[in-house]
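Take a look at the structure set out below.
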Amino acid sequence: MAFFTKSLKNTSNRWSYSWNIFKNKRIYFSLKEGLVFNLFSFLVLLVGIALVITTLPGFFHLTGNIPANASEEQIAALKALWEKNMFTYIWSVRGIAIFLFALSFGLNLFNLNQINKKVKKSLIWFDVKNNERYGLFVFVSFLLSFFAPLQYFWNLYHFQKKMHFRSFYDFENNLISLEDQKLSLFEKFSFYLKSPYFKSLFRFSVFDISIAAVLLGTFLIVSFITSFSALKLTGINLEYIFYITFAFVLRWFKGSILALLADFLNLLIKGAIGTYHWVYAIVPVFVVLISSAFFYFLEKWKKTTIVVGNVILLGALIAVIAVFSYQVGIKQVNEIRISTLFGIRNVSITIIIVFIVLSGIVFLTSLGISIYYLYISVKKDEDFKLDRKKDFAFRLIISFIIVTIIVVVARWLWGPYAYIRWFSWINGKPPRNPYELAIIPILLRSVFIIPFYTFLVVALMAPFFVLKKKYLDAKMHHLY
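Now the structure itself:
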């Protein structure tokens, strides 16, 4: 309780200090600061769109809860209602929510920039000497804890108001129709909470527990082998591959719980549980959530998801380049000293150019594969070889997009910050030249990790889809 009170007090002091700076200091941007501000706002807008759409009310998911013996009239009724409300729902209420999310984040990021000017520190890192943390994570947490619930309840009210009838599938395999029911907002929300879909998000079925145990056991065995064998020298681990698998099989909440448990047990078995820190603990959850969102949209809008995935990837790369250029540029030196990792002692400032080239190669590769898939997917030729090409191109592009987005955001963008926070926590002081020390090894490993992860996920996609078709699409109604 004392720890919670102290944390709440520290957070309050940070916001009070931020407000005083915002109120008493002139508002101005240099060209570089304005560019960073706008790029971050653009990236958050894209992420906000993904987050907002993934919180669609349970009705849109109910088509997956219709039993195999449902009549065509029942299925047609649900699809008709879906198509009727989809356009109005997304572009009205969701548009407002996205605007508020992006605007609020931008204002808080501007406030963070004012703090940065005051304490003469960089944009993302923190002042160890005064034990004051001015991290981007504080503001993101604030937005998610305040605007996300507010936006959700407003969406729920608007959605229910627009509907003429509501259909649910209950535990007795009956499709219930609520036609023109005048229910209060509380009654509608309570009815949604009691729906099988909402309960299935958080309750583990017998099948879920069984497959989670198999996945967890496989994860621990593979992790043990890679940690205590020659594979450790490669610096490549398969944790991200397993997190993507957790997302495909269990999705959102249940996949996140399994990822957290797997990460904790992995450190426990290795004897490194004393180094457990939240900056790395949230990465498995992030990978599961991003993967779950990507797989969900693929089931609904295949081609649209591929296009949007490329846009999000481009935004993430631009944001990383902006942060990297800013962090290296503020050093105002011609040469950067890093550790002897990989046998490198000095890295020229031209590493920025190399970083930009690497980002360009990643995006152009994704764009090229996407265009190739979209081109061959419109062909109507019933050729067996063409079908195989379509299938391989589809698995390749979705694997490449999901792997690169995860690597860029979780490793390139979040990785340096996480490393500096963890290093400072372990050693009591930050590393010398912290950003360069963290980002350069990450970039060097990514040259091998991205293609390795991509082709591994491509190979796993075929059994993934078979598993989904035969087992995961089976309707599990016995929950506990």
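Residue numbers (the working numbering): 136 to 615.
Idealized CB from N, CA, C, for every residue including glycine.
query                                                                                                           : result
8 Å CB neighbourhood of Lys-438 in its chain, flanking five on each side removed                                : Leu-509 and Ser-512
For Ser-340, the three-state DSSP class (helix, strand or coil)                                                 : strand
DSSP state of Phe-363 mapped onto helix, strand, coil                                                           : coil
Whether Val-538 touches Val-455 by CB criterion (8 Å)                                                           : no
Beta-carbon proximity check, Ser-501 vs Leu-448, cutoff 8 Å                                                     : yes
Extent of the continuous alpha helix (DSSP H) to which Ala-382 belongs                                          : 374–385
Beta-carbon spacing of Ala-350, Thr-361 below 8 Å                                                               : The question names Ala, yet the displayed sequence has Leu at residue 350. No; because the gap between Cβ atoms is not below 8 Å, this pair is not in contact.
Classification of Arg-386 by the beta-carbon crowding that lies within 10 angstroms, buried from 16 upward      : buried
Distance, Gly-563 Cα to Ile-441 Cα                                                                              : 44 Å
Val-542 classed as buried or exposed, judged by whether at least 16 other C-beta atoms fall within 10 angstroms : buried
8 Å Cβ shell around Ile-376 - same chain, five flanking residues per side excluded                              : Tyr-588, Leu-591, Val-592 and Leu-595
Three-state secondary structure assigned by DSSP to Val-513                                                     : coil
Tyr-411 - containing alpha helix (DSSP H), residue span                                                         : Here Tyr-411 belongs to no alpha helix (DSSP H), and DSSP marks it neither H nor E.
Inter-stretch contact (C-beta, 8 Å, three-pair minimum) for the stretch 551–563 and the stretch 401–414         : yes
Within-8 Å CB hit, Ile-344 to chain D                                                                           : The question asks about chain D, but that chain is absent: this structure has only one protein chain.
Beta-carbon proximity check, Phe-430 vs Ala-394, cutoff 8 Å                                                     : no
Closest Cα partner of Ser-526 within the set Arg-546, Ile-504, Ala-545 and Trp-547                              : The sequence given here has Asp at residue 526, not Ser. Selected option, being the one with the closest Cα: Ile-504.
Separation of Val-492 from Thr-410, as counted between CA atoms                                                 : 35 Å
C-beta contact flag for Phe-459 and Ile-574 at 8 Å                                                              : yes
6 Å Cβ shell around Leu-521 - same chain, five flanking residues per side excluded                              : none
Leu-499, buried or exposed, once every other Cβ within 10 Å from all chains shown has been counted against 16   : exposed
Arg-556, enclosing alpha helix (DSSP H) - first and last residue                                                : 549–562
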